[in-house]
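**Student:**
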Amino acid sequence: MKRKLTYALAAPALAAVVSLAVGAVALLLAGHSPAEAYKAMWQYVDSLDSLVNVLNRTAWYYVAGVAVAIGFKMNLFNIGVDGQYRLAALLAAALGAALSDLPGFLIIICVLLCSMVVGGAYAAIPGLLKVKRGVNEVVSTIMLNSIATGITALLLARYLRDESVELVRTTEPLPEKAWLPTWEIGGAELQAWVFFAVAIGIGFYILLQRMRFGYDLRMSGQNPAAAKASGVDPNAMVLKTIILSGVVAGLIGMGPLLNEFHAFADQFPTTLGFTGISVALLGRNNPIGIAIGAFVFAFIERASQILNSVGVPQSIGRILQGTILIVAVIAFEVVKRYAAAAEVRDAAAKAQSRHDAAPALGATA
Amino acid sequence: MSTTTLAPSPATPARVLKTFPRWAVMGFGGLFVMFLLSIAAEVADAPDLTSSGAFGAALRLAVPIGMAGLGGLYAERAGVVNIGLEGMMTMGTWMAGWAGWHWGPWAALVAGAIGGLMFGVLHALATVTFGVNHIVSGVAINILAVGVTRFLAEQLFTGEQGASASLSPPVSGDMPQFSVPLLSDLFGWLEDQDWFFISDVAGFLKGITTDLSWATVIAMVLFPITGYLLWRTAFGLRLRSCGERPSAADSLGVPVYRMKYVAVMISGSLAGFGGATLVLQAGQFREGQTANRGFLGLAALIFGNWRPGGVAAGAGLFGYADALQLRSDEAVRGLVLFGALALVSAALFFLWQRRTRTAAILGGLAVVAYLAYLNRPDWFWGAWLYESADSLTIDTRIVFMTPYLVTLLVLSFASQRLRMPAADGLVWRKGQVE
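Sequence lines, in order, name chains A and B. Under the working numbering, the first residue of the first sequence carries the number 9, and numbering increases by one thereafter. Under the working numbering, the first residue of the second sequence carries the number -9, and numbering increases by one thereafter.
1. According to DSSP, is A/Ile314 helix, strand or coil?
2. Which chain A residues sit within Cβ distance under 7 Å of B/Asp385?
3. Identify which residue in B/Gly46, B/Ser28, B/Ala68 and B/Gly287 has its Cα closest to the Cα of B/Ala239.
4. So the candidates are A/Thr66, A/Ala355, A/Asp354 and A/Leu289; which of them puts its Cα closest to the Cα of A/Ala19?
5. Since B/Gly74 contacts B/Asn123 with CB under 8 Å, what's their CB separation in whole angstroms?
6. For B/Gly137, would you say it is in contact with chain A, using Cβ-to-Cβ distances shorter than 8 Å as the test?
7. What three-state label does DSSP hand A/Gln230 in the structure shown?
8. Under 7 Å between beta-carbons, which chain B residues line up against A/Pro321? List them in chain order, please.
9. Using alpha carbons as the reference points, say which of B/Thr80, B/Gly62, B/Met81 and B/Met79 lies closest to B/Asn72.
10. Compare the Cα-Cα distances from B/Arg50 to each of B/Lys420, B/Val358, B/Asp201 and B/Cys232 and report the closest residue.
11. For B/Ala305, I'd like the list of residues in its chain whose CB is within less than 6 Å of its CB, leaving aside the five on either flank, ordered along the chain.
12. Under a three-way DSSP split, which group does B/Ala404 fall into?
13. Please classify A/Ala373: does DSSP put it in a helix, a strand, or coil?
14. When the Cβ atoms of the segment 353 to 369 of chain A are set against those of the segment 158 to 173 of chain B, are three or more pairs found closer than 8 Å?
15. According to the neighbour-count rule (16 or more other Cβ atoms, all chains shown, within 10 Å of its Cβ), is A/Asn316 buried or exposed?
16. Roughly how many angstroms separate the alpha carbons of B/Gln145 and B/Ala155, rounded to a whole number?
17. Kindly list the residues whose CB is nearer than 8 Å to the CB of B/Val118, restricted to its own chain and excluding five residues on each side of it in sequence; keep chain order.
18. Between B/Phe339 and B/Ala30, which are expected to be in contact by the criterion C-beta below 8 Å, what is the C-beta distance as a whole number of angstroms?
19. Compute the Euclidean distance between the alpha carbons of A/Arg310 and A/Arg65, then round it to the nearest angstrom.
20. With a threshold of 7 Å, establish whether the CB of A/Leu252 neighbours any heavy atom of the ligand COA.
21. Look at A/Leu266 and A/Ile117 and say whether their C-beta atoms are less than 8 Å apart.
22. Check the Cβ-Cβ distances between B/Thr397 and every residue of chain A, and say whether any is below 8 Å.
23. To the nearest whole angstrom, what separates the beta carbons of B/Ala362 and B/Val326, a pair I think is in contact under 8 Å?
24. Leaving aside the five residues before and after B/Gly46 along the sequence, list all residues of the same chain whose C-beta is less than 7 Å from its C-beta, in chain order.
25. Would you report the Cα separation of B/Thr206 and B/Trp296, rounded to the nearest angstrom?
26. First and last residue of the beta strand (DSSP E) that includes A/Ala196?
27. May I ask which residues mark the beginning and end of the alpha helix (DSSP H) holding A/Trp187?
28. Taking only the alpha-carbon atoms, compute the straight-line gap between B/Gly309 and A/Val352 and give it to the nearest angstrom.
29. Below 8 Å between beta carbons: does that hold for B/Gly264 and B/Leu107?
30. Does the contact criterion of 3 or more C-beta pairs under 8 Å hold for the segment 90 to 99 of chain A versus the segment 227 to 245 of chain A?
31. Please tell me whether B/Ser127 has its Cβ less than 8 Å away from any Cβ of chain A.
32. Could you tell me whether any Cβ in chain B is nearer than 8 Å to the Cβ of A/Met151?
33. Using a C-beta to C-beta distance shorter than 8 Å, which residues of chain B count as neighbours of A/Thr278?
34. With distance defined between alpha-carbon atoms, name the residue in A/Phe282, A/Leu162, A/Val173 and A/Pro189 nearest to A/Leu98.
35. Nearest to B/Glu76 by CA position, among B/Val396, B/Leu21, B/Asp414 and B/Gly287, is which residue?
36. Look up A/Glu171 in the DSSP assignment and say whether it is helix, strand or coil.
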């Protein structure tokens, strides 16, 4: 047990150390002092209001990570989470504004449902293409991401645009009664979406560990042949999983929409789906792991905001994020192999000691 | 006698086609496409559809996509899926912008290739040495590349003349251009004659022989070289064997790990080279310059059935669509008409093959494309495709989506006929039991 924990922590620790080192080298080469940059970053986040801001971002990234992880759990690479959430957010925002006569909580429910339906429906396309026509989902979802970019731009510009706003292309804003609440803590606003994210995480855990569907899903990922032999229909599994992934993907944009922007506009966050892929990979598709991954990414993002004011390029944060990601995925693999080898060694040693304990067998013969 | 002779196999289309040599089928296919284009150009009154200018622009725009696709070809033929092409290309653009600013266009090309190569090594290290899932590593590389280029650009370009955190200073000097002597003039003369079909073919030939940048020439030459290298040399046989059956290759003494490394490194350099050609065309590095072209290269690779000729055709198609969009509204409308004609031809082909359902779907799509070409605003969709009901300008966002839609369409109708390398995307460890 203790060894298992060590293995689990070895990879993230290695990733953190290596990325800090790579960041330090990059800073040194660029003529900055890594110690000062890191110190400034730490001092900036080491306060309550920063923590609240980091938590808000963590919630966004967490939902994205869960959406991606649902597919990854069965080796289904839904790269299309990005397109699914942008399309869903646009349509949900437009619907919410159109329903402004309803009571606030009803609008929120309709908006959430709409985003889930749109995300799920858009994810069903690569699912159907894979099941019916054998099209690889990685390629089809990459294509569908770009198609979603086109569709959202088209819809926003021609049909859903709020004409009263001139310079920015935006949908009509949601009525204030349909905004999710925020609470002021230490000078920053904690967003209610954080609790939604926690609920989504708990749902994800229950689905995976406590439900038949989650068991089938994990088994399909780990051993497709065994899953099939035990009566799981692989095609139905692919379809259900990618649609579920899309349903959660639809929710990604709801944090930014209901809690911060209140409309879908050009400046609506755009690459959350890819951040989701990163944090799912960092968190090994585990409900707690993804939360840690999301927190790390949000933390780095917040901390690097201070850097411009001390004369260091802010994008060093991007390098830290990227390096952590790539080192972590390599380190996970190395640790996994090392653990497997250690197990074999242990078993061999045990067998050897048993053999040594009974030497008489061979001698008496 | 009547009892012993085998019944002659039925003349299915596939068999009929196989009785001709491959080059004849491909040549005929190319001429047929040109023929449809001539008709579309004539009917839609869009001479730009087959002008040498349009084909020249298409070639320029196809080069970066084609280089990414060719890079994907090397990696995937050796069994490594390379989703990281986009990131490798991004790194190539930065390196090219930086080196081009200091030492000119040739240095930009070399530096771009080196930039892609560095990420290629990283991808090989992760997937081959450490056995990380290929998609995971590729995605990570794309994310890392964005961060690295942004940092480098912010660090080295900010404050320079004509530059900013997302723009490099201009590349110093231009890449010399080159026209094939005599041929270029001959085709130009033929094009000016305005003869149906002949002038259209001449327009194509003039487009690919006139005012070529040396970078384009290199890119064009790389396709036949790749075909020769991968299918006609021992090196190519070994490389491809690693993508089909690595254990078998290993048992015959092929250094599988080393071959995969070499393939992924070539892959990265080609993607980086593609990025460099983008920089040379724009005259400087710009953030986000690759704009999904790495992914389009991947699409061209699949489209082209993991073969260099197919990659070239796929990249050419994307480049052509892009070029027309930049030229004129009539040309884009002509392209829609061409799409309708091509769909009809495909439907007839499938009908010949007795795949009636597929033929019916394609026929339906052809009708939709034809109606779109007509743009009758009084019909139920009104001007959905066009910028407004009385406009002849097809919405740019629809044009933007088209290559991706076409790829999806081809994939969903042809994915059973496409055959990727058997061990593509599988992590292989030396000594593993299959």
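Quick reminder that beta carbons are idealized off the backbone N, C-alpha and C, glycines included.
**Tutor:** Quick look at the numbers:
1. A/Ile314: coil per DSSP, three-state reduction.
2. Within chain A, the residues near B/Asp385 are Leu162.
3. The residue with the shortest Cα to Cα distance from B/Ala239 is B/Ala68.
4. Closest in alpha carbon position to A/Ala19, among A/Thr66, A/Ala355, A/Asp354 and A/Leu289, is A/Leu289.
5. About 12 Å separates the two Cβ atoms, so there is no contact after all.
6. Between B/Gly137 and chain A, the shortest Cβ-Cβ separation is below 8 Å.
7. In this structure, A/Gln230 counts as helix in the three-state DSSP scheme.
8. What A/Pro321 touches in chain B: Phe141, Glu144 and Gln145.
9. Relative to B/Asn72, the option among B/Thr80, B/Gly62, B/Met81 and B/Met79 whose CA is nearest is B/Gly62.
10. Selected option, being the one with the closest Cα: B/Asp201.
11. Closer than 6 Å at Cβ, skipping near neighbours: Ala52, Ile55, Gly56, Gly59 and Ala290.
12. Three-state DSSP puts B/Ala404 in a helix.
13. Since pLDDT at A/Ala373 reaches only 43, below the 50 mark, its modelled position is unreliable, and no value is offered.
14. The segment 353 to 369 of chain A vs the segment 158 to 173 of chain B: no contact.
15. So A/Asn316 counts as exposed.
16. Taking the straight line from one Cα to the other gives about 8 Å.
17. Cβ neighbours of B/Val118 beyond the five flanking positions: Val70, Tyr247, Lys250, Tyr251 and Val254.
18. Wrong, their Cβ atoms sit about 18 Å apart, outside the cutoff.
19. If you take the alpha carbons of A/Arg310 and A/Arg65, they lie about 9 Å apart.
20. As far as ligands go, the structure on display features none, and thus does not contain the ligand COA.
21. Inclusion of A/Leu266 and A/Ile117 in the CB contact set at 8 Å is not warranted, their separation being larger than that value.
22. The beta carbon of B/Thr397 sits closer than 8 Å to some beta carbon of chain A.
23. That pair is a contact at about 5 Å.
24. Sequence-distant partners of B/Gly46 (beyond 5 residues in either direction) whose C-beta falls short of 7 Å from its own C-beta, in its chain, are Gly197, Thr200 and Asp201.
25. Answer to the nearest angstrom: the Cα atoms are 22 Å apart.
26. Segment Ala196 to Gln199, the beta strand (DSSP E) holding A/Ala196.
27. Looking at the DSSP string, A/Trp187 is not in any alpha helix (DSSP H), and its letter there is neither H nor E.
28. The C-alpha of A/Val352 is placed about 54 Å away from the C-alpha of B/Gly309.
29. For the pair B/Gly264 and B/Leu107, the CB atoms are not nearer than the 8 Å cut-off.
30. No, because fewer than three Cβ pairs between the segment 90 to 99 of chain A and the segment 227 to 245 of chain A fall closer than 8 Å, the two stretches do not touch.
31. For B/Ser127, the answer is yes, since a Cβ of chain A falls inside 8 Å of its Cβ.
32. At a cut-off of 8 Å between beta carbons, A/Met151 contacts chain B.
33. Near A/Thr278 there are no residues of chain B at all, since even the closest Cβ is about 11 Å away, more than 8 Å.
34. The shortest Cα separation from A/Leu98 among A/Phe282, A/Leu162, A/Val173 and A/Pro189 belongs to A/Leu162.
35. Residue B/Gly287 is the option with its Cα nearest to B/Glu76.
36. Residue state, collapsed to three classes: coil.
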